[in-house]
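What follows is a short report on a single structure.
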Amino acid sequence: MLAGVIVVLVAALDEWHQTFVPGRTGRALDVLVDLAGFVVLAFLSG
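Numbering (full-length UniProt numbering), first residue to last: 1 to 46.
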């Protein structure tokens, strides 16, 4: 559970950071994709 919180926190901070980079946008969907990747990995690792 803690790992999932860390994944979401880092992903959200990364997306927020991207809003300051010219030509980049931060999207909530990207945070959800990162979380989905974590869930799949957690499921596959048992």
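Glycine included, C-beta positions come from ideal geometry on N, C-alpha and C.
Pair within 8 Å by beta-carbon distance, residue i and residue j
i, j, result
"Trp16", "Gly4", "no"
"Val7", "Leu35", "yes"
"Ala11", "Asp30", "yes"
Residue of the options minimising C-alpha distance to residue i
i, options, result
"Leu13", "Ala28, Gly23 and Pro22", "Ala28"
Reduced DSSP secondary structure (H/G/I, E/B, other) of residue i
i, result
"Val31", "helix"
"Gly37", "helix"
"Phe20", "coil"
"Gly26", "coil"
"Gly46", "coil"
Contact test: residue i Cβ vs the ligand COA heavy atom, cutoff 7 Å
i, result
"Gly4", "Looking at this structure, you won't find the ligand COA or any other ligand, since it has none at all."
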